[in-house]
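Structure first, then comments.
Protein chains: 2
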Amino acid sequence: MEDKTAELLEATPRNYPAGAVVSHQGDSNTRIFIIASGWSCVSRHLSNGSRQIIDTPLRGDILGFPQFDGGGINSLSCVSDVTLYEIPGQSFRKVLDQNATLSVLFARIAARQHAITVERLTSVCRRSALERTAHYLLETGERLGAGDHGYDCPLTQHDLADALGLTQIHVNRTLRELRERELVSFRAGSVEFLSRPKLVKLAGFDRAYLQYNWPSALQKSASSRHSPAPRPATL
Amino acid sequence: MEDKTAELLEATPRNYPAGAVVSHQGDSNTRIFIIASGWSCVSRHLSNGSRQIIDTPLRGDILGFPQFDGGGINSLSCVSDVTLYEIPGQSFRKVLDQNATLSVLFARIAARQHAITVERLTSVCRRSALERTAHYLLETGERLGAGDHGYDCPLTQHDLADALGLTQIHVNRTLRELRERELVSFRAGSVEFLSRPKLVKLAGFDRAYLQYNWPSALQKSASSRHSPAPRPATL
DNA sequence: CGAGCATTTGACACGTTTCAATCTCTGTGG
DNA sequence: CCACAGAGATTGAAACGTGTCAAATGCTCG
């Protein structure tokens, strides 16, 4: 993106410490967020006291795109220290109105976001705890642009449980089994793929849904379909 | 929408019989669909043979908005006879580029669609079969613009199961319990609310996520927040 | 050192699935 | 008009996956 655009967006970088809540459930939030670094989660709190983590956005992800995360209903909180850009909704919309290319770009990002949610829905409905956990760890690695060896992940087992629709205790048992089967290890804040191919097979993981299906107009600036470079998280 | 816009969209109405498949999983579909009437479902077929229904779009709903349903990954099939408008993706995009108001409109529709998926995710993760089923029946009634008494619904118990992440057999038992508790009756293609207030309480249903949060620019054309008129499904 | 939080483990309860069979309805052809 | 086929709905019994409860362990930070 060009500097002029960045200026018009009035994007201001902000830092939040681990545990901070960027946007509360129920607040009428009109900001757009772009994650620069750190782990956060979009979650809903139900009346029965349980928490559902909708997504764990990562570097480069965009939230709030016209209330895209269900604005005003969900909250955004930080798992680790987080740096993100905040953009007033109004200037965001103004820029989109004037820049068709950017509009298409953001529409694609929104579409990918939806695809991720749909995949999680499928996962929760039709995959066992083992498959589901495996799938999440693979998905997250892919979204991070991490290699085949692993990545660092500050989520607790409790966070994982809230994201996967399990209890913390069962997540613990599931992680142990994945480790004992020598598929993945999730310990001390880091994920290690022990046998990625077997893990992919177990989870039924197909990364197609994570790709940005750039329309032809954007092809030249987009990376090739099967070895995407991580998008820059700077404006 | 004005006639000129409708022309530019090149929207053509089409009829499909019950059981027809409008778009196959895996096809590279670039069309946008607007449902005019009938019941259909967006679904994914997993390698293990099971089917996951992502959504049951209804009159006025829009699909495929830039590959919004995870284009190329999911399929659209008809439960009943269905009439829908098909719009070539390219002309749709062209119109959006020229009409900022329409862009915002569609962005909101997409946002609502995402909110629905998020709600289903939450439902599947954190609500029991009974609550989940109750929630779905309420949501669908709301989306149909049906009254407090009930509505017609051609879905089979098996369809419901695939949408809710349950087995058909358990859906049957769940529906029986809902009937015996005198909350809802789902029989012979029609849903009857026996005690809607109790049902709402059981499901923890809050329709806020179904509202279109129209920005101020569209306020005058939008209906009031708490008694929305069904949108027209004609162009 | 103790407090607090995350992780680990075991035993048991419960919700949901699986398997198998029966029943009801609807449309069709003899 | 009846027999039959096929799809959906219903019911029961048993198996299985995950949740619940309870307790111990390990870790980090004041």
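Line order of the protein sequences matches chains A and B.
The numbering of the first sequence is numbering that gives the first Met the number 0, which starts it at 0 and goes up by one.
The numbering of the second sequence is numbering that gives the first Met the number 0, which starts it at 0 and goes up by one.
From the three backbone atoms N, C-alpha and C, an ideal C-beta is built for every residue, glycine too.
One or two residues paired with asparagine 14 of chain A in a DSSP bridge
Here residue 14 of chain A refers to the residue found at position 15 of the first sequence. Beta-bridge pairing links asparagine 14 of chain A to A:Thr82.
Please confirm whether serine 49 of chain A and arginine 92 of chain B have their CB atoms less than 8 Å apart.
As a working note, residue 49 of chain A is residue 50 in the first sequence. As a working note, residue 92 of chain B is residue 93 in the second sequence. Not in contact: serine 49 of chain A and arginine 92 of chain B (Cβ atoms no closer than 8 Å).
For glycine 149 of chain A and chain B, any beta-carbon pair shorter than 8 Å?
Against the first sequence, residue 149 of chain A aligns to sequence position 150. Glycine 149 of chain A does not count as touching chain B.
Counting contacts by CB-CB distance shorter than 8 Å, is isoleucine 31 of chain A in contact with chain B?
For the purposes of this step, residue 31 of chain A is taken as the residue at position 32 of the first sequence. Isoleucine 31 of chain A does not count as touching chain B.
Segments assigned alpha helix (DSSP H), at least 4 residues, entirely inside the segment 135-222 of chain A:
156-163, 167-179 and 195-202
Helix, strand or coil for aspartate 96 of chain A, going by three-state DSSP, please let me know.
As a working note, residue 96 of chain A is residue 97 in the first sequence. Helix at aspartate 96 of chain A.
Strictly below 8 Å CB to CB, what residues from chain A border glutamine 24 of chain B?
As a position in the second sequence, residue 24 of chain B is number 25, starting the count at 1. Here the premise fails: no neighbours, minimum Cβ distance about 11 Å.
Tell me whether arginine 237 of chain B is buried or exposed, calling it buried when 16 or more other Cβ atoms sit within 10 Å of its Cβ.
The requested residue 237 of chain B is not part of the displayed model; chain B covers only 0 to 234.
If you draw a straight line from the alpha carbon of arginine 178 of chain A to that of valine 183 of chain B, how long is it in whole angstroms?
Position 179 of the first sequence, counted from the first residue, corresponds to residue 178 of chain A. Position 184 of the second sequence, counted from the first residue, corresponds to residue 183 of chain B. Cα-Cα distance, rounded: 46 Å.
Residue of B:His113, B:Ser36, B:Thr11 and B:Tyr15 minimising C-alpha distance to cysteine 152 of chain B
As a working mapping, residue 152 of chain B is identified with position 153 in the second sequence. It is B:Ser36.
Measuring CA to CA, which of A:Ile34, A:Glu9 and A:Leu201 is closest to serine 46 of chain B?
In the second sequence, counting from the first residue as 1, residue 46 of chain B sits at position 47. Closest option to serine 46 of chain B, Cα to Cα, is A:Leu201.
Run the CB neighbour count on serine 220 of chain B, radius 10 Å, all protein chains shown included, and call it buried at 16 or more, exposed below.
Sequence index remark: in the second sequence, residue 220 of chain B carries index 221 (1-based). Caution is warranted here: a pLDDT of 49 is assigned to serine 220 of chain B, below 50, making its placement in the model unreliable, and the coordinate value is therefore given only provisionally. The residue in question, serine 220 of chain B, is exposed, as its Cβ has fewer than 16 Cβ neighbours within 10 Å.
How about valine 81 of chain B and cysteine 40 of chain B: are their beta carbons less than 8 Å apart?
As a working mapping, residue 81 of chain B is identified with position 82 in the second sequence. As a working mapping, residue 40 of chain B is identified with position 41 in the second sequence. No, the Cβ-Cβ distance between valine 81 of chain B and cysteine 40 of chain B is not below 8 Å.
Could you tell me whether the Cβ of alanine 99 of chain A comes closer than 8 Å to any Cβ of chain B?
In the first sequence, the residue the question calls residue 99 of chain A occupies position 100. Judged by the 8 Å Cβ criterion, alanine 99 of chain A is in contact with chain B.
Counting only Cβ pairs nearer than 9 Å, list the residues of chain A close to valine 235 of chain B.
Absent from the model: residue 235 of chain B. The displayed extent of chain B is 0 to 234, so no value can be given.
Can the beta-carbon of isoleucine 53 of chain A be found closer than 8 Å to that of valine 117 of chain B?
Here residue 53 of chain A refers to the residue found at position 54 when the first sequence is read from its first residue. Here residue 117 of chain B refers to the residue found at position 118 when the second sequence is read from its first residue. Yes.
Closer than 7 Å: is that where the CB of leucine 62 of chain B sits relative to any heavy atom of the ligand ADP?
You won't find the ligand ADP in this model; it holds no ligand whatsoever.
Using only CA atoms, which one of B:Leu62, B:Ser27 and B:Leu75 lies nearest to proline 16 of chain B?
Here residue 16 of chain B refers to the residue found at position 17 when the second sequence is read from its first residue. Of the listed residues, the one whose Cα sits closest to proline 16 of chain B is B:Leu75.
Give the DSSP-derived three-state secondary structure of serine 122 of chain A in the structure shown.
Indexing the first sequence from 1 puts residue 122 of chain A at position 123. The answer is helix: DSSP assigns serine 122 of chain A an H, G or I state.
Kindly list the residues whose CB is nearer than 8 Å to the CB of glutamine 89 of chain B, restricted to its own chain and excluding five residues on each side of it in sequence; keep chain order.
Position 90 of the second sequence, counting from 1, holds the residue named residue 89 of chain B. Once the five neighbours on either side are set aside, the close Cβ partners of glutamine 89 of chain B are Thr29.
For a contact meaning CB atoms closer than 7 Å, what does arginine 180 of chain B contact in chain A?
Taking the second sequence and counting its residues from 1, one reaches residue 180 of chain B at position 181. Under the 7 Å cutoff, chain A gives no residues; its nearest Cβ is about 19 Å from arginine 180 of chain B.
Give the DSSP-derived three-state secondary structure of tryptophan 75 of chain B in the structure shown.
Taking the second sequence and counting its residues from 1, the one referred to as residue 75 of chain B is at position 76. The sequence shown places leucine at residue 75 of chain B, rather than the tryptophan named in the question. Leucine 75 of chain B falls in the strand class under three-state DSSP.
Between the Cα of glutamate 130 of chain B and the Cα atoms of B:Phe105, B:Glu176, B:Gly18 and B:Val21, which residue gives the shortest distance?
Counted from its first residue, the second sequence places residue 130 of chain B at position 131. Comparing Cα positions, the closest option is B:Glu176.
Taking its Cβ as the centre, do 16 or more other Cβ atoms sit within 10 Å of proline 12 of chain B, making it buried, or is it exposed?
Within the second sequence, the letter at position 13 stands for residue 12 of chain B. The residue is exposed, with fewer than 16 neighbouring Cβ atoms inside 10 Å.
Using C-beta distances below 6 Å, list every residue in its chain close to lysine 197 of chain A, excluding the 5 sequence neighbours before and after it, in chain order.
If you number the first sequence from 1, residue 197 of chain A lands on position 198. These residues qualify, in order along the chain: Leu182.
Of all the CB atoms in chain B, is at least one closer than 8 Å to the CB of glutamine 167 of chain A?
As a first step, residue 167 of chain A must be located in the first sequence, where it is residue number 168. For glutamine 167 of chain A, the answer is no, since every Cβ of chain B falls outside 8 Å of its Cβ.
When B:Gln167, B:Ile33 and B:Thr55 are compared against serine 42 of chain B, the one with the closest alpha-carbon
Here the question's residue 42 of chain B lines up with position 43 in the second sequence. Closest by alpha carbon: B:Thr55.
Leucine 62 of chain B - partner residues in DSSP beta bridges
Locating residue 62 of chain B in the second sequence gives position 63, where the first residue counts as 1. The partner list for leucine 62 of chain B (beta bridge, DSSP) reads B:Phe32.
Within 8 Å, strictly: CB atoms of isoleucine 34 of chain A and glycine 59 of chain A
To locate residue 34 of chain A, count along the first sequence from 1; it is residue 35. To locate residue 59 of chain A, count along the first sequence from 1; it is residue 60. Contact flag set, yes.
Can you name, in chain order, every residue of its own chain whose Cβ lies under 6 Å from the Cβ of leucine 136 of chain A, other than the five neighbours on each side?
By one-based count along the first sequence, residue 136 of chain A stands at place 137. Excluding sequence neighbours, leucine 136 of chain A sits near Val183 and Val190.
Quick check: what's the CA-CA separation for alanine 5 of chain A versus asparagine 14 of chain B?
Here residue 5 of chain A refers to the residue found at position 6 of the first sequence. Here residue 14 of chain B refers to the residue found at position 15 of the second sequence. Rounded to the nearest angstrom, the two C-alpha atoms are 46 Å apart.
What residue range does the beta strand (DSSP E) around histidine 23 of chain B cover?
Looking up residue 23 of chain B in the second sequence gives position 24. Segment: none, histidine 23 of chain B is in no beta strand (DSSP E) and carries neither H nor E.
In this structure, does DSSP put serine 102 of chain A in helix, strand or coil?
Within the first sequence, the letter at position 103 stands for residue 102 of chain A. Helix.
Against arginine 43 of chain A, what residues of chain B qualify as contacts under a CB-to-CB distance less than 7 Å, listed in chain order?
Sequence index remark: in the first sequence, residue 43 of chain A carries index 44 (1-based). Residues of chain B passing the Cβ test: Thr121.
Going by the DSSP bridge assignment, what does histidine 44 of chain A pair with across the sheet?
Locating residue 44 of chain A in the first sequence gives position 45, where the first residue counts as 1. Bridge partners of histidine 44 of chain A: A:Arg50.
Using 8 Å as the limit for Cβ to Cβ distance, is glutamine 156 of chain B near chain A?
By 1-based counting over the second sequence, the position of residue 156 of chain B is 157. No, glutamine 156 of chain B does not count as interfacial toward chain A.
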